[in-house]
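Chains as they are written, first to last, in the numbering used here: chain C, 20 to 133; chain A, 34 to 143.
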């Protein structure tokens, strides 16, 4: 069974700092990859996704993620965070030839101080 | 187009009571899911459905039941509420891993 690891459980940054959240998965085949964001008190929303093609994926609000197949990673980045980026971030992986149900990581809580 | 709606938003139950969490979608999607979210634990899949009349267990189905009589509705039933079921419950739709979530139901069992 596939698994997803998010190594940073809590991240605290000041505004304008750069962000990188790690995501590693344990499936060796072809995968679809996702990052979801959950703002305080809200539901999860899709931030960006990768199915195929350019491994550098651009999402909403200036976020991007890079798929590195050799490292089984899909790290989320943003060059300059804002206070409004305070949220919980979830990585999710689905094996593209298998179940349509994604496996979610446990999430990373990001707090951005103004 | 409301997407995915859930009712109620909040509920407090006493131990042993029962209730149904409602989930409805207007996107005509076949795949629907119920998750629970506990602090620091991410999302756990409770049940899912691939279409009307078809449901299956997820990772943590014990204490819950579902039905799917229509494409639009996917209610989640708690028969004998226990404190361990205190959580936030999310309904979602989607396939190929891309999911759209409802606003959630915050349930407290005391």
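Beta carbons are placed, not taken as given, at the ideal position from N, Cα and C, and that holds for glycine. Everything numeric in this text was worked out from a predicted model, so none of it was measured.
So that I know if they touch, is there some Cβ in chain A lying closer than 8 Å to that of residue i?
i	result
residue 26 (chain C)	no
residue 111 (chain C)	yes
residue 121 (chain C)	yes
residue 68 (chain C)	yes
Cα-Cα, which of the options is closest to residue i?
i	options	result
residue 64 (chain C)	C:74, C:51, C:72 and C:78	C:78
residue 39 (chain A)	C:62, C:51, C:57 and C:56	C:62
residue 52 (chain C)	C:60, C:34 and C:72	C:72
residue 127 (chain C)	C:118, C:80 and C:95	C:95
residue 81 (chain A)	A:116, A:69, A:44 and A:74	A:69
Chain E beta carbons: is any one of them nearer than 8 Å to that of residue i?
i	result
residue 63 (chain C)	Here chain E cannot be found, since the structure's protein chains are C and A.
In chain A, which residues lie less than 9 Å from residue i when you measure between Cβ atoms?
i	result
residue 108 (chain C)	Those within 9 Å of residue 108 (chain C) in chain A number zero; the least Cβ separation is about 11 Å.
residue 53 (chain C)	130, 131 and 132
So with CB distances below 7 Å, who are the chain A contacts of residue i?
i	result
residue 124 (chain C)	75
residue 77 (chain C)	Ordered by position in chain A, no residue passes the 7 Å Cβ test against residue 77 (chain C), which lies about 16 Å from the chain.
Could you name the residues of chain C that residue i contacts, counting a contact when the two beta carbons are closer than 8 Å?
i	result
residue 128 (chain A)	119
Could you list which residues in chain C have their beta carbon closer than 9 Å to that of residue i, in chain order?
i	result
residue 55 (chain A)	Residues of chain C passing the Cβ test: none, with the nearest at roughly 15 Å.
residue 94 (chain A)	Correct list: empty, because the minimum Cβ distance to chain C is about 14 Å.
Could you tell me whether the Cβ of residue i comes closer than 8 Å to any Cβ of chain C?
i	result
residue 43 (chain A)	no
residue 123 (chain A)	yes
residue 97 (chain A)	no
Who are the neighbours of residue i on chain C, taking C-beta pairs under 7 Å?
i	result
residue 81 (chain A)	120
Can you confirm whether the segment 91 to 110 of chain C touches the segment 55 to 70 of chain C when touching is taken to mean that 3 or more C-beta pairs between the two stretches lie within less than 8 Å? yes
Does the segment 21 to 35 of chain C come within contact of the segment 110 to 127 of chain C, defined as at least 3 CB pairs closer than 8 Å? yes
So, do the segment 97 to 113 of chain A and the segment 127 to 134 of chain A have three or more beta carbon pairs nearer to each other than 8 Å? no
What runs of the beta strand (DSSP E), each 3 residues or longer, lie entirely inside the segment 64 to 104 of chain C? 64 to 69, 75 to 77, 83 to 87 and 92 to 97
Enumerate, from N- to C-terminal direction, the unbroken beta strand (DSSP E) stretches of 3 or more residues contained entirely within the segment 112 to 138 of chain A. 120 to 128 and 131 to 134
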